[in-house]
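For reference, each letter of the sequence shown is one residue, going 1012 to 1108 in our numbering.
Think of the CB as a built atom: it goes at the ideal place given N, C-alpha and C, for glycine as much as any other residue.
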Amino acid sequence: MSYHYPIDDTWTKEEVIQVVQFFSLIEQAYEKKVEKDILLAAYRGFKQVVPSKSEEKKLFATFKQGSGYSSFHVIKQAKETEERFIMMDKTKGKKLK
1012 MSYHYPIDDT WTKEEVIQVV QFFSLIEQAY EKKVEKDILL AAYRGFKQVV PSKSEEKKLF
1072 ATFKQGSGYS SFHVIKQAKE TEERFIMMDK TKGKKLK
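Written out as structure tokens, the structure is:
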């Protein structure tokens, strides 16, 4: 991993942990697989730290620029699928079948 998680210096230690856990699960969705319910729970925690949609988009864009992983596509897939696990295709940013 040659990139950094987008972190705000004003966040508390607990908030940083929530955000890092969320982005770690986004990575896991691309590199292995991640359980949908765990991912969505982490997203809810992320939204407690970052309630603003515009700030979320900014952080997602920063993370995607550094990692190549689309948080938006992973969360969208998690919300739409009935499957227990989410696995994304690294090359296309889409769900693996």
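Fill in: Where Glu1026 sits in the DSSP three-state scheme
Position 15 of the sequence shown, counting from 1, holds the residue named residue 1026. Helix, per DSSP.
Discussion item. When you compare the stretch 1068-1075 with the stretch 1043-1051, are there three or more beta-carbon pairs, one atom per stretch, that lie closer than 8 Å?
Written reply: No, the stretch 1068-1075 is not in contact with the stretch 1043-1051.
Fill in: Where the alpha helix (DSSP H) containing Val1085 begins and where it ends
Within the sequence shown, the letter at position 74 stands for residue 1085. Val1085 -> alpha helix (DSSP H) spans Ser1082 to Glu1091.
Worksheet item: Are the Cβ atoms of Lys1053 and Val1085 separated by less than 7 Å?
Response: Against the sequence shown, residue 1053 aligns to sequence position 42. Against the sequence shown, residue 1085 aligns to sequence position 74. Reading the sequence as shown, one finds Ala at residue 1053 and not Lys. Against a cut-off of 7 Å, the Cβ pair of Val1085 and Ala1053 comes out as no contact.
Item to complete: May I have the straight-line CA-CA distance separating Gln1076 from Asp1019, to the nearest angstrom?
Response: As a position in the sequence shown, residue 1076 is number 65, starting the count at 1. As a position in the sequence shown, residue 1019 is number 8, starting the count at 1. Each residue's Cα considered, the two are about 17 Å apart.
Item to complete: Please name the residue, chosen from Gly1079, Lys1024 and Lys1044, that lies closest to Gln1088 on a Cα-to-Cα basis.
Response: For the purposes of this step, residue 1088 is identified with residue 77 of the sequence shown, where counting begins at 1. Nearest of Gly1079, Lys1024 and Lys1044 to Gln1088, Cα basis: Lys1044.
Discussion item. Distance check for Glu1038 and Tyr1014, CA to CA, integer angstroms please.
Written reply: Residue 1014 sits at position 3 when you count from the first residue of the sequence shown. Residue 1038 sits at position 27 when you count from the first residue of the sequence shown. Between Tyr1014 and Glu1038, the C-alpha separation is close to 12 Å.
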